[in-house]
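Here the working numbering is used: the first residue of the sequence shown is 54, the next is one more, and so on.
Even for Gly, the Cβ is constructed at its ideal location relative to N, Cα and C.
Single-structure report; data block below.
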Amino acid sequence: MRFLVCFASIIMISACVTVKMVGFDKESNTVTFQGEQWDSKEDFQKEADQYCGKKATLIKMNQITEGSQTTINNSNNGTTNAQTSSIKKYQYIFKCN
Numbered sequence: 054m055r056f057l058v059c060f061a062s063i064i065m066i067s068a069c070v071t072v073k074m075v076g077f078d079k080e081s082n083t084v085t086f087q088g089e090q091w092d093s094k095e096d097f098q099k100e101a102d103q104y105c106g107k108k109a110t111l112i113k114m115n116q117i118t119e120g121s122q123t124t125i126n127n128s129n130n131g132t133t134n135a136q137t138s139s140i141k142k143y144q145y146i147f148k149c150n
């Protein structure tokens, strides 16, 4: 039972990291990673180091808007309330040394 709980915890933790490589500039030797708001700087750094094969240097961080999402709430008296918010992502640009 302990093994199952540990295994489930590992899957849940590893599934939360959503950092992915979205671009590479061969001339400047830079790589761009994109992730969610909850991804930490360390998550981005780890992915960059792994991609570059050694320690990468953070050059720039951008917050971008990637579409929007709408949440609709129905109240008891028959009215509907809709709230639209932007989907924010983060991009980190690293230089492979």
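Own chain, CB closer than 6 Å to residue i, minus 5 neighbours either side, in chain order
| i | result |
| --- | --- |
| Q136 | T124 |
Pick from the options that is closest to residue i, judged by C-alpha positions
| i | options | result |
| --- | --- | --- |
| M157 | G131, G120, E95 | The requested residue 157 does not occur in the structure, where the chain is confined to residues 54 to 150. |
| T118 | Q103, I140, Q98 | I140 |
| Y143 | Q87, D102, G120, N127 | Q87 |
| D78 | V72, N127, C105 | C105 |
Per-residue burial, residue i [other beta carbons within 10 Å of its own, 16 or more giving buried]
| i | result |
| --- | --- |
| V84 | buried |
| D92 | buried |
| E80 | exposed |
Endpoints, beta strand (DSSP E) assigned at residue i
| i | result |
| --- | --- |
| D78 | 73-78 |
| E100 | No beta strand (DSSP E) holds E100; the alpha helix (DSSP H) holding it covers 94-105. |
| G131 | No beta strand (DSSP E) contains G131, which DSSP labels as neither H nor E. |
| K87 | It is Gln, not Lys, that sits at residue 87 in the sequence shown. Segment 83-88, the beta strand (DSSP E) holding Q87. |
Close-in-space but distant-in-sequence residues of the same chain around residue i (CB under 7 Å, 5 per side omitted)
| i | result |
| --- | --- |
| I146 | T83, T85, I112, K113 |
| S121 | T137, S138, S139, I140 |
| K108 | D102, N150 |
Contacting residues, own chain, Cβ-Cβ under 8 Å from residue i (five flanking each side not counted)
| i | result |
| --- | --- |
| S128 | N134 |
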